[in-house]
Amino acid sequence: MDKIVIKGGQALHGEVQASGAKNAALPILASALLADGTSTYRNVPALADVATMLKVLRTMGCDAERDSETTDVCRVGVNGHITPEAPYDLVKTMRASVLVLGPLVARFGRARVSMPGGCAIGARPIDQHLKGLKALGADIHLTEGYVEATAKQLKGGTVNFDVITVTGTENVMMAAVLAQGRTLMENCAREPEVEELAKVLNKMGARIEGAGTSSITIEGVDGLKPVEHAILPDRIEAGTLLVAAAISGGDVLVRRVVPEHMDALVEKLREAGCTITTEGSGLRCKAPQRLDAVNITTTEHPGFPTDMQAQLMALMSVSQGTSVISENIFENRFMHVPELHRLGADITIQGPTAVVKGVKGLSGAPVMATDLRASASLILAGLRAEGRTDVSRVYHLDRGYERLERKLSALGADIRREKA
Ligand code: EPU
């Protein structure tokens, strides 16, 4: 098992490019199931989660591969018999596997997908995905740990989500594109990745309007065709790189981003004292040695993203003053806090809120990653800490960041991957 070893204290300088967005790539790869033929995707990040989604698709009988280890091109071919089933062994390693549910039932009339259990950051039920599919006429049964959904032909309907859910919105949207008639979805997630999926589905021949707002309308069509598409940049990876610049007191240009997808983070970084400028499709972060404390409340897009909470907490742990960080999306997303304590951070948790008293400096120590964004937060803290920080359980990091240590090293960080 690999670990990341960091010697802190280098201010980061230079330019770096964001990779394609994990949370757009996953539903988009699943959407290939909706058409016969081969879809081609570019700018697909080389991540463990993407490899898992390709494996889920292969298990069903698709030809789903990356062209080669060094390319960002993936192809998914649906050219023969499909077994519409996602087994427990794969779903338990990546809950986003559940994104095949909507396309399978819409296209093949049947889906058998293992129920994802809870995960490190929360219980994460899928009741809203199921509610949406039922509203389109699917019969849903839960047996032996699997969701079985069947429908001869889905019919358009009205879906009013009780909870705003990103993958729930995506799953139901993928089902509704092949339903007969019109579907109205209300209280939808407005994340850019939902909008991106709708863009891809429309390129395939779907008729979706309103994606990116809370009301989405879909006119069902009889069939879709395969597509070629380049995945949009990863706003969370890009944000993590901006915070790396900020925590190290550096000056970094993150190229190939969509600046308007990152407004909530940029606003907080500016409030903390960073100078953020837009340079074409890049964002530059120039930071002083020490930042001011700012308060953060995570909410759905366009609010401050929960996927940046752990990274901002690392930054706030060395700010001047006290920062109050409230996590409103997941009930257990503070697993990085005890590890940040090991580096000398002063953080108290009170229910869904963390109170972070900025300290002058952190000191390096061995720490353990507990989930994807927690890993990123520990690496960021390690960049600032005096001495050596070893972050173990790096497989969490590899689920969602493409060669993060190489990108940071190219910016001047003293960081390397080692066999633990
Ligand atoms: N929820 C329900 N019922 C449902 C669905 C969700 O109660 O049927 C609750 C969840 O328990 C949670 C809240 O609604 O409290 C929001 O969850 P959501 O469904 O939006 O999360 P998700 O779709 O499972 C995606 C991202 C996550 C990101 C969240 C929130 C993908 C593949 N994953 O998860 O990404 O944190 O939205 O923005 O898109 C990450 O990349 O590190 C990551 C965890």
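Per this note's numbering, the sequence shown starts with residue 52, numbered consecutively. Just so it is clear, CB atoms sit at the ideal spot from N, CA and C, and this is done for glycine as well.
According to DSSP, residues forming a beta bridge with residue i
i: Thr373; result: Lys408
i: Met419; result: Ser443
i: Asn211; result: Glu237
i: Ala432; result: DSSP output for Ala432 lists no bridge partner at all.
i: Ile400; result: Ala405
i: His352; result: For His352, which the question treats as bridged, DSSP gives no partner whatsoever.
i: Ile267; result: Met236
i: Lys250; result: Answer by DSSP bridge pairing: none, since Lys250 is not bridged.
i: Gly71; result: Pro284
i: Ala137; result: Val164
i: Arg467; result: Val56
Supposed contact pair residue j and residue i - C-beta distance, whole angstroms, cut 8 Å
i: Gln362; j: Gly290; result: 7 Å
i: Arg158; j: Leu229; result: 6 Å
i: Ala202; j: Asp190; result: 7 Å
i: Leu98; j: Val303; result: Contact flag wrong, Cβ pair sits at about 22 Å.
i: Pro389; j: His312; result: That pair is no contact at about 31 Å.
i: Val369; j: Thr404; result: Actually they are not in contact, since the Cβ atoms of Val369 and Thr404 sit about 20 Å apart, beyond 8 Å.
i: Glu136; j: Arg163; result: 4 Å
i: Val41; j: Ala323; result: This structure cannot settle anything about residue 41, because the visible part of the chain is limited to 52 through 471.
i: Gly169; j: Arg175; result: 6 Å
i: Ala81; j: Ile282; result: Contact flag wrong, Cβ pair sits at about 13 Å.
i: Leu429; j: Val418; result: 5 Å
i: Ser265; j: Glu237; result: 7 Å
C-beta contact flag for residue i and residue j at 8 Å
i: Ile172; j: Phe381; result: yes
i: Gly256; j: Ala227; result: no
i: Thr89; j: Gly128; result: yes
i: Gln523; j: Thr349; result: It is not possible to answer for residue 523, since the shown part of the chain is limited to 52 through 471.
i: Ser426; j: Gly395; result: no
i: Ala295; j: Pro356; result: no
i: Ile133; j: Gly153; result: no
i: Leu292; j: Val67; result: yes
i: Gly71; j: Pro284; result: yes
i: Glu437; j: Gly183; result: no
i: Ala297; j: Leu320; result: yes
i: Asp343; j: Gln371; result: yes
i: Ser332; j: Val308; result: yes
i: Leu2; j: Val107; result: The structure shown has nothing for residue 2, since the chain only spans 52 to 471.
i: Ala472; j: Thr440; result: One cannot answer for residue 472 here, as it falls past the ends of the chain, which runs 52 to 471.
i: Glu246; j: Leu150; result: no
i: Pro353; j: Arg258; result: no
i: Glu116; j: Leu105; result: yes
i: Met166; j: Leu193; result: yes
Residue span of the beta strand (DSSP E) that contains residue i, given as start and end
i: Leu205; result: Leu205 -> no beta strand (DSSP E), and no H or E assigned at all.
i: Ser443; result: Arg439 to Ser443
i: His64; result: His64 to Gln68
i: Val164; result: Arg161 to Ser165
i: Ala338; result: No beta strand (DSSP E) holds Ala338; DSSP gives it neither H nor E.
i: Val388; result: Taken as a continuous stretch (DSSP letters only), Val388 belongs to no beta strand (DSSP E), being part of the alpha helix (DSSP H) at Val388 to Arg393.
i: Glu116; result: Asp114 to Arg117
i: Arg258; result: Arg258 to Glu260
i: Leu193; result: Asp190 to Thr194
i: Val272; result: No beta strand (DSSP E) holds Val272; DSSP gives it neither H nor E.
Residue interval of the alpha helix (DSSP H) (run including residue i)
i: Glu456; result: Leu455 to Ala461
i: Thr110; result: Ala99 to Met111
i: Gln179; result: Asp178 to Ala186
i: Thr329; result: It is not in any alpha helix (DSSP H) - Thr329 instead sits in the beta strand (DSSP E) that spans Thr326 to Glu330.
i: Thr291; result: Arg286 to Ser299
i: Gln360; result: Gln360 to Met367
i: Thr481; result: Outside the displayed range of the chain (52 to 471) lies residue 481, so it cannot be described from this structure.
i: Arg321; result: Asp314 to Ala323
Residue i: CB within 7 Å of a non-hydrogen atom of the ligand EPU
i: Gly208; result: no
i: Arg61; result: The identity of residue 61 in the sequence shown is Gln, whereas the question assumes Arg. Not under cutoff, so the answer is no.
i: Ala186; result: no
i: Val198; result: no
i: Leu77; result: yes
i: Asn238; result: no
i: Glu244; result: yes
i: Gln360; result: no
i: Phe159; result: no
i: Val101; result: no
i: Leu152; result: no
i: Lys143; result: no
i: His180; result: yes
i: Arg444; result: no
i: Gly173; result: yes
i: Phe355; result: no
i: Lys408; result: no
i: Pro96; result: no
i: Leu423; result: yes
i: Val317; result: no
i: Lys73; result: yes
Min CB distance residue i to chain B below 8 Å
i: Ser426; result: As a matter of chain content, chain B is missing from the structure shown, which is built from one protein chain.
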